[in-house]
Each structure stands twice: as C-alpha cells, then as structure tokens.
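Working notes, beginning with the structure itself.
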Amino acid sequence: VGNYKPSAATGTATPGTETHVSSSADVAATLEEKNRMKTMKAFWLPSKTPTAEIKAEKPDTDTKCPTTLKKLRLKDLLSVKWTRVRKGEESGGSRYMCPVTFKTYTNSTKIVVL
Numbered sequence: 007v008g009n010y011k012p013s014a015a016t017g018t019a020t021p022g023t024e025t026h027v028s029s030s031a032d033v034a035a036t037l038e039e040k041n042r043m044k045t046m047k048a049f050w051l052p053s054k055t056p057t058a059e060i061k062a063e064k065p066d067t068d069t070k071c072p073t074t075l076k077k078l079r080l081k082d083l084l085s086v087k088w089t090r091v092r093k094g095e096e097s098g099g100s101r102y103m104c105p106v107t108f109k110t111y112t113n114s115t116k117i118v119v120l
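Every number in my numbering is 6 more than the matching position in the sequence shown, counting from 1.
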C-alpha cells in the first residue's frame, strides 16, 4: 500500500513519489474561494468575528439619586409608611396599595415618594 502518482513522462504510477501539480483550475478555485469568504456574512466564522480591543470600564459601586446623580447617603433616605390592601380585596398576592388611587403595587410599579 503506497502512494502511487502517475509519472509525467510515461503516465505510469511509481510508488512513493508525491508531486503536486497545481493547475489553473486549482488556482482559480482557491481565488474564487477567497473572494467568496470575503463577501460571506457568516458571523460564526472566526475570521468574520470583530476584534474586541475596547475594554468596558468597571461600574460605579455607589447608589446614586436618579434625578441629581449624586451619591445617596443613609441620612438622605426617608422612611415610607405603606398602605396595606384590605383583607377581602387582595388580588394576585399584592399586599400594598396607593392610598390616593387605591391601585395595588406590583413588581413593575414605579413609585415616587415626595
């Protein structure tokens, strides 16, 4: 079992000789393949992924006021007295409500305390 390649002069196979003759069709195929890879928009290929040179900065660990963007201190905070929902009117497990509109608070309710 050997590598048999035909001889260029006689057309017969000789064992152990490996010569690679590139034809113009092989060159055209590789050029076509390179051009196709340049125009391909396959983001999952390593050659098409963007380079990530920009590093993200570490986030600030301080809690800030949403309006002034100043650092919040414990003495700046206010205590809030919540209004409980009446026993017979509970819906969906909500426990607190707005004392003016009587709407219950949910996880997505935005509350502003003045």
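All residues carry an ideal CB built from backbone N, CA and C; glycine is no exception.
Since we're looking at a predicted model, the values are computed, not measured.
N- and C-terminal bounds of the alpha helix (DSSP H) containing K64
One-based indexing of the sequence shown puts residue 64 at position 58. Unbroken run through K64: none, as it is neither H nor E.
Straight-line gap, M103 to R92 (C-alpha atoms, nearest Å)
For this step, residue 103 is matched to residue 97 along the sequence shown. For this step, residue 92 is matched to residue 86 along the sequence shown. If you draw a straight line from the Cα of M103 to the Cα of R92, it comes to about 9 Å.
Given a cut-off of 7 Å on the beta-carbon distance, is the pair L78 and T89 in contact?
Taking the sequence shown and counting its residues from 1, the one referred to as residue 78 is at position 72. Taking the sequence shown and counting its residues from 1, the one referred to as residue 89 is at position 83. Cβ atoms of L78 and T89: not closer than 7 Å.
Measure the beta-carbon distance from V119 to L84 and round it to whole angstroms, keeping in mind my assumption that it falls under 8 Å.
If you number the sequence shown from 1, residue 119 lands on position 113. If you number the sequence shown from 1, residue 84 lands on position 78. With a Cβ gap of about 6 Å, V119 and L84 count as contacting.
Rounded straight-line distance, which links the Cα of N113 to that of K76
Numbered from its first residue, the sequence shown carries residue 76 at position 70. Numbered from its first residue, the sequence shown carries residue 113 at position 107. Cα to Cα, K76 sits roughly 26 Å from N113.
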